[in-house]
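Since the structure comes first, as structure tokens, the remarks are kept for the end.
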Ligand SMILES: *Cc1c(COP(=O)(O)O)cnc(C)c1O
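Put into structure tokens, the structure is as follows:
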């Protein structure tokens, strides 16, 4: 035995991966905590989804439907899609991982953007491939920079639209220009985790472009506006050939039964979602205006969070604000790992939480909110 090791060793590259660090949850010593660090909805899930979840508890001895048909049919009917082009995942994170494991290997490159979602890089490296990071322009994905980075090794391009943690979006005309210019064998992954929140005429989550091409997929999630983050439910819309390849590799029962039932009930309750979006967009405006009034910059966001930039002044940096806010029970997200060492991301919360953060940051900045 020539290659003998003292213990099992992972594939090359695995130990170079920096594991994902979720948003903080605790503020030690503070009685009342507002968690605004993970872009969860402050309004919870639809009561109909909660009822469906409870009902599913009566038959936990049964395996779930491995096709998640009830959920795929609900998604298909709400969005006007073909069930055969839909695949569900244990969160959209699972789908992003499966895409990488099915379409990437050593020697391949996948393009991500400067402030892109960290899961892409983790999964690309997990598949043994090489992430290629391109610059954004003023917190905006730059289609020309992506195209300039394409080589004969490029296999995939990942775009979060809207972006996290920036909250900015790429207009549909730019997505179309990118798709038209990419080689046909390069897959474009549109991660539309926050699509439900966007109210812009020049935005499209990706349904039309997926329907009219063979190399684009769109991923979506029930973790954000639908309020089911705990259950881990995501879905993907894509060409049948890509769905078929992924179905061969996924776990045969990758969604659990309560998740399937709750997801189907949640997406059918669009009235509940309309209320959640209205609350969000009202507060998105109020928060952005309030932060600018106290001397902070906020990147204009179309999602359910705001990226706040702090002054480069001793005692007023993002780390100082983080400590100040945590001490008052407001937990925001440090975004250093996303290329923003002096910014914090705040999820839109309840009215009480939002007003509390505005007031606390006013105090922190020494200005009245
Ligand atoms: C929150 C989020 C997701 C959702 O992940 P799930 O695994 O479905 O919870 C996907 N992409 C981005 C950019 C996100 O911010």
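Numbering (full-length UniProt numbering), first residue to last: 1 to 369. Even for Gly, the Cβ is constructed at its ideal location relative to N, Cα and C.
- [ ] State the start and end residues of the unbroken alpha helix (DSSP H) segment that holds residue 373.
- [x] Here the chain has residues from 1 to 369 only, and residue 373 is not among them.
Open item on the list: I need the DSSP call for residue 303, collapsed to helix, strand or coil.
Closed with: In the chain shown, residue 303 corresponds to position 303, counting from 1. Here residue 303 sits in coil by DSSP.
- [ ] Going by DSSP, name the residue or residues bridged to residue 113.
- [x] By one-based count along the chain shown, residue 113 stands at place 113. DSSP output for residue 113 lists 134 as bridge partner(s).
Open item on the list: Runs of 3 residues minimum, wholly inside the region 188–233: which ones carry the beta strand (DSSP E) assignment?
Closed with: Qualifying beta strand (DSSP E) stretches, in chain order: 216–221.
Task: Beta-carbon gap between residue 71 and residue 331 smaller than 7 Å - done: Locating residue 71 in the chain shown gives position 71, where the first residue counts as 1. Locating residue 331 in the chain shown gives position 331, where the first residue counts as 1. No, the pair does not count as a contact, with Cβ atoms beyond the cut-off.
Open item on the list: Quick check on residue 154: does DSSP put it in helix, strand or coil?
Closed with: Your numbering for residue 154 matches position 154 in the chain shown. The DSSP-derived three-state label of residue 154 is strand.
TODO: Quick one: grab the DSSP three-state call for residue 107.
DONE: Start at 1 with the first residue of the chain shown, and residue 107 comes out as number 107. Residue 107: coil per DSSP, three-state reduction.
Task: Any non-hydrogen atom of ligand 1 closer than 6 Å to residue 117 Cβ - done: The sequence position of residue 117 within the chain shown is 117, counting from 1. At least one heavy atom of ligand 1 is nearer than 6 Å to the Cβ of residue 117, so yes.
Open item on the list: Taking the straight line between their C-alpha atoms, what separation do you get for residue 214 and residue 187?
Closed with: Indexing the chain shown from 1 puts residue 214 at position 214. Indexing the chain shown from 1 puts residue 187 at position 187. Going by the C-alpha atoms only, they are around 9 Å apart.
- [ ] Using alpha carbons as the reference points, say which of 352, 156, 39, 293 lies closest to residue 182.
- [x] The residue given as residue 182 occupies position 182 in the chain shown. The residue with the shortest Cα to Cα distance from residue 182 is 156.
- [ ] Let me know if residue 5 comes out buried or exposed under the rule of 16 or more other beta-carbons within 10 Å of its beta-carbon.
- [x] Translated into positions along the chain shown, residue 5 becomes position 5. Exposed.
- [ ] Determine whether the Cβ of residue 117 lies closer than 7 Å to any Cβ atom of chain B.
- [x] Judged by its chain identifiers, the structure shown contains no chain B, having just a single protein chain.
- [ ] Mind the definition here: the region 106–116 touches the region 81–91 only if three or more C-beta pairs lie below 8 Å; say whether that holds.
- [x] Fewer than three Cβ pairs drawn from the region 106–116 and the region 81–91 lie within less than 8 Å of each other, which leaves the two stretches out of contact.
Open item on the list: With H, G and I counted as helix, E and B as strand and the rest as coil, what does DSSP make of residue 17?
Closed with: To locate residue 17, count along the chain shown from 1; it is residue 17. Residue 17 falls in the coil class under three-state DSSP.
Task: Nonlocal neighbours in the same chain, by C-beta distance under 8 Å from residue 149, ignoring five residues either side - done: Position 149 of the chain shown, counted from the first residue, corresponds to residue 149. Taken in chain order, the residues that qualify are 111, 132, 134.
Task: Reference residue 27, options 249, 326, 355, closest by Cα - done: As a position in the chain shown, residue 27 is number 27, starting the count at 1. Selected option, being the one with the closest Cα: 326.
Open item on the list: Would you call the region 97–106 in contact with the region 287–304, where contact means no fewer than 3 C-beta pairs closer than 8 Å?
Closed with: With contact defined as three or more Cβ pairs closer than 8 Å, the region 97–106 and the region 287–304 are not in contact.
Open item on the list: Is it buried or exposed, residue 63, if we count other Cβ atoms within 10 angstroms and call 16 or more buried?
Closed with: Reading the chain shown from its first residue, position 63 is the one you call residue 63. Using a 10 angstroms sphere on the CB of residue 63, the tally of other CB atoms stays under 16, which defines it as exposed.
TODO: Starting from residue 346, trace the beta strand (DSSP E) both ways and give me its first and last residue.
DONE: Along the chain shown, one-based indexing puts residue 346 at 346. Where residue 346 is concerned, the enclosing beta strand (DSSP E) starts and stops at 343–347.
- [ ] Could you check the C-alpha separation between residue 313 and residue 322 for me, to the nearest Å?
- [x] Here residue 313 corresponds to residue number 313 of the chain shown, with the count starting at 1. Here residue 322 corresponds to residue number 322 of the chain shown, with the count starting at 1. Roughly 15 Å between the two C-alpha positions.
Open item on the list: Please enumerate, following chain order, all residues with a beta carbon closer than 5 Å to at least one heavy atom belonging to ligand 1.
Closed with: The filter returns 91, 92, 93, 117, 160, 164, 191, 193, 221, 223, 234, in chain order.
Open item on the list: Spatial neighbours of residue 200 within its chain, please: C-beta separation below 7 Å, excluding the five flanking residues on both sides.
Closed with: The residue labelled residue 200 in the question sits at position 200 within the chain shown. Once the five neighbours on either side are set aside, the close Cβ partners of residue 200 are 169, 302.
Task: Range of the contiguous alpha helix (DSSP H) that encloses residue 327 - done: Looking up residue 327 in the chain shown gives position 327. Per DSSP, residue 327 belongs to the alpha helix (DSSP H) from 318–327.
Open item on the list: Here's a check: name, in chain order, each residue in its chain whose Cβ is nearer than 8 Å to the Cβ of residue 275, leaving out the five neighbours to either side.
Closed with: Here the question's residue 275 lines up with position 275 in the chain shown. Taking C-beta separations shorter than 8 Å and ignoring five residues to either side along the sequence, the partners of residue 275 in its chain run 43, following chain order.
Open item on the list: Excluding the 5 residues flanking residue 92 on each side, which residues of the same chain have their C-beta closer than 8 Å to its C-beta?
Closed with: Numbered from 1 along the chain shown, position 92 holds the residue referred to as residue 92. Counting only Cβ-Cβ distances below 8 Å, and skipping sequence neighbours, we find 191, 193, 219, 220, 221, 223, 234, 235, 236.
Task: Length of the line joining the Cα atoms of residue 246 and residue 317 - done: As a first step, residue 246 is located in the chain shown; it is residue number 246 there, counting from the start. As a first step, residue 317 is located in the chain shown; it is residue number 317 there, counting from the start. In this structure, the alpha-carbon of residue 246 lies about 44 Å from that of residue 317.
Task: Three-state secondary structure (DSSP) of residue 63 - done: Here residue 63 corresponds to residue number 63 of the chain shown, with the count starting at 1. Looking at residue 63 - three-state DSSP - the assignment turns out to be coil, as it is neither helix nor strand.
Task: Range covered by the beta strand (DSSP E) that runs through residue 87 - done: For the purposes of this step, residue 87 is taken as residue 87 along the chain shown, with counting starting at 1. Element bounds for residue 87: 86–89.
- [ ] With DSSP collapsed to three states, give me the class of residue 5.
- [x] As a first step, residue 5 must be located in the chain shown, where it is residue number 5. Coil, per DSSP.
Task: Beta-bridge partners of residue 236, as assigned by DSSP - done: Taking the first residue of the chain shown as position 1, residue 236 is located at position 236. For residue 236, which the question treats as bridged, DSSP gives the partners 87, 219.
TODO: State the Cα-Cα distance for the pair residue 166 and residue 307, rounded to the nearest angstrom.
DONE: The residue given as residue 166 occupies position 166 in the chain shown. The residue given as residue 307 occupies position 307 in the chain shown. In a straight line, the C-alpha of residue 166 is about 6 Å away from that of residue 307.
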